[in-house]
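Comments concern the structure below.
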Amino acid sequence: MKELLVKESDYVYVLPKGTVQGQKVPVYFYLSDKLFELLEEDAIKQAANASTLPGVEGAIYVMPDVHVGYGFPVGGVMATRLEDGIISPGSIGYDINCGVRLIATNLRAEDIVPVRKQLMERILQEVPAGVGSTGKIKLSRSELREVAVKGARWAVERGFGFEEDLEHIESFGALPNADPSYVSTDAFDRGSDELGTVGSGNHFVEVQVVDEIYDQEIAKKLGLDVGQVCIMVHSGSRGFGHQVCVDYLRIARESLKRYNIDLPDMQLACMPINSEEGQAYFKAMNSAANYAFANRQILGFITADTIRKFLRISWQELGYRLIYDLAHNIGKVEIHKGKKLLVHRKGATRAFPPYNPEVPPAYRDIGQPVLIPGDIGRYSFLLVGQPRSMEISFGSACHGAGRVMSRTKAKEFVKKEGLEKILKDLVVVARGKGTIMEEIPQAYKDVSEVVRVVDALGIAKMVLRLRPVGTLKG
Ligand SMILES: Nc1nc2c(ncn2[C@@H]2O[C@H](COP(=O)(O)O)[C@@H](O)[C@H]2O)c(=O)[nH]1
Ligand SMILES: [Mn+2]
Ligand SMILES: [Mn+2]
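Position 120 of the sequence shown, counted from 1, bears residue number 120 in full-length UniProt numbering, the numbering being contiguous throughout.
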């Protein structure tokens, strides 16, 4: 399908409306020439399929970190009208409110680098990670219901963090439309002992150092400087959110006939937003999103506390300060160009500009921080949302570098090249070696190239770059 894409301008390729059967809106791909080369045929097909869905509004936007996902590509943004549009679990993703958190500290690189191996080993002991890992927190049904409603606040009330953290989280760490009575018992079972756990594979806790600054003024306002140590957390709603997605994909498939929805791909199974099933999923999805906010709140706090105890310093000396926490797999009701829409972001980050009322007061004049992890070996970035995002991407940016190698291919690559040679002096800890093999830097695109595109398009502005000091992988 690549040949059907029209290069409209630098970094902008379009699949014009009417190219595929039933297409209701155009599909925009934001890519440099290098990233265009890596664009998969199936990702184009998936985005084109979504452009045929009922009530889809404006355009489908595909970010430069795009790769094939379940039904809808990772890096995809789709908005649907509340009156006649659908809600699609596959276009939000299995890991509901998978997201990223960045915490600043007063520590300098020299405080950490000489002891990074021992420090990461300690973090590995204290922070539960890995497939099906369980944490120290065991939740009763009623406690879990409370988590699903209160989100990050639940964790803060139990001592995992501070009141001011909540001011620095997307939607203040709790989405208002959560109703856990729409969440299945299976999801409750899976969620009861996974709060405060990282999960597997792509998820991580990373100690990083600010490496380069592109906008001194904004970096200063954020209180970040070269050499400063930060903590980045990437995790989501664990088995709780996964089960919500599984349950409602089944419900969506079963209700397709009832609502006369014809699909090009069953993985896009969806429900009218204003149907009973659509509303039930929306309330369950928000519950899972709140679980994820609580999860990252706990993970960030435990990691900071571990570093503090390891270095034998006080909270004050550590200087823990939450920069921001955001969702990159979510469906949100937002107003764009005067219309109330459900914006599906799957592997896409909200990137609201300065003075948008949803940007926390602390960042109102600089724009919402956009946190972009890269990989275990190269860099991660902090950007801020820009006005153009509201024009060309429903206020959204990329969410990472994006995979370029399947997990199987990455393992084959490691077997050929040797893990030690690939990792060189990187410090990466994990319960199993398998994950590290799947997560080598070569498995991802070059994040610098990805963020260059969103910066050049005026979606988000590059503020600073972080490099990893040590990574805990699931
Ligand atoms: N700094 C690090 N970035 C990483 C690591 N593992 C993955 N990643 C990046 O995160 C995004 C988001 O992934 P997704 O699973 O939500 O799609 C991914 O595209 C990578 O760029 C890591 O260990 N450290
Ligand atoms: Mn994620
Ligand atoms: Mn995830």
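Beta carbons: idealized from backbone N, C-alpha and C, even for Gly. Keep in mind that this is a model prediction, so the values were computed, not measured.
{"Check": "heavy atom of ligand 3 below 7 Å from residue 236 C-beta", "Outcome": "yes"}
{"Check": "Cβ-based burial, residue 170 [other Cβ within 10 Å; buried from 16]", "Outcome": "buried"}
{"Check": "Classification of residue 295 by the beta-carbon crowding that lies within 10 angstroms, buried from 16 upward", "Outcome": "buried"}
{"Check": "Own chain partners of residue 287 with C-beta closer than 6 Å, once the 5 adjacent residues on each side are dropped", "Outcome": "148, 178, 180 and 183"}
{"Check": "The region 127-147 contacting the region 427-434, beta-carbon criterion three pairs below 8 Å", "Outcome": "yes"}
{"Check": "Start-to-end residues for the beta strand (DSSP E) that takes in residue 554", "Outcome": "Residue numbering for the chain in the displayed model covers 1 to 474; residue 554 lies beyond these limits and cannot be assessed."}
{"Check": "Contact the region 311-328 vs the region 95-104: 3+ CB pairs below 8 Å", "Outcome": "yes"}
{"Check": "For residue 230: DSSP bridge partner residues", "Outcome": "104 and 208"}
{"Check": "Spatial neighbours of residue 411 in its chain, beta-carbon cut-off 7 Å, leaving aside the 5 residues before and after", "Outcome": "437 and 438"}
{"Check": "Residue 230 Cβ short of 7 Å to ligand 2 heavy atom set", "Outcome": "no"}
{"Check": "4 or more residues per run - each alpha helix (DSSP H) lying fully within the region 343-381", "Outcome": "none"}
{"Check": "Short Cβ contact (8 Å threshold) for residue 475 with residue 62", "Outcome": "There is no way to answer for residue 475, as the model of the chain reaches only from 1 to 474."}
{"Check": "Rounded straight-line distance, which links the Cα of residue 20 to that of residue 279", "Outcome": "30 Å"}
{"Check": "heavy atom of ligand 1 below 7 Å from residue 439 C-beta", "Outcome": "yes"}
{"Check": "Rounded separation between residue 290 and residue 136 - CA only", "Outcome": "19 Å"}
{"Check": "Cβ pair count under 8 Å reaching 3, the region 346-359 against the region 384-401", "Outcome": "yes"}
{"Check": "8 Å Cβ cutoff met for residue 306 and residue 122", "Outcome": "yes"}
{"Check": "Residue 355 burial status per 10 Å Cβ neighbour count (16 or more: buried)", "Outcome": "exposed"}
{"Check": "Nonlocal neighbours in the same chain, by C-beta distance under 6 Å from residue 53, ignoring five residues either side", "Outcome": "86"}
{"Check": "Rounded separation between residue 434 and residue 404 - CA only", "Outcome": "18 Å"}
{"Check": "Extent of the continuous beta strand (DSSP E) run through residue 261", "Outcome": "No beta strand (DSSP E) contains residue 261, which DSSP labels as neither H nor E."}
{"Check": "Heavy atom of ligand 2 within 7 Å of residue 98 beta-carbon", "Outcome": "yes"}
{"Check": "Distance between beta carbons of residue 455 and residue 383, contact taken as under 8 Å", "Outcome": "7 Å"}
{"Check": "Given residue 113 as reference, the closest of 450, 300 and 208 once Cα atoms are compared", "Outcome": "208"}
{"Check": "Straight-line Cα distance separating residue 226 from residue 49", "Outcome": "44 Å"}
{"Check": "Nearest-angstrom Cα separation, counted from residue 8 out to residue 453", "Outcome": "15 Å"}
{"Check": "Residue of 311, 88 and 2 minimising C-alpha distance to residue 108", "Outcome": "311"}
{"Check": "Among 25, 299, 211 and 187, nearest to residue 159 - alpha-carbon criterion", "Outcome": "299"}
{"Check": "Among 242, 212, 204 and 257, nearest to residue 231 - alpha-carbon criterion", "Outcome": "204"}
{"Check": "Nearest to residue 199 (by Cα), restricted to the options 277, 416 and 292", "Outcome": "292"}
{"Check": "Coarse secondary structure for residue 127, derived from DSSP in three states", "Outcome": "coil"}
{"Check": "Length at least 4, wholly inside the region 4-61: the alpha helix (DSSP H) runs in chain order", "Outcome": "33-38 and 41-50"}
{"Check": "Any non-hydrogen atom of ligand 3 within 7 Å of residue 203 CB", "Outcome": "yes"}
{"Check": "Residue closest to residue 267, alpha-carbon to alpha-carbon, out of 469, 91 and 214", "Outcome": "91"}
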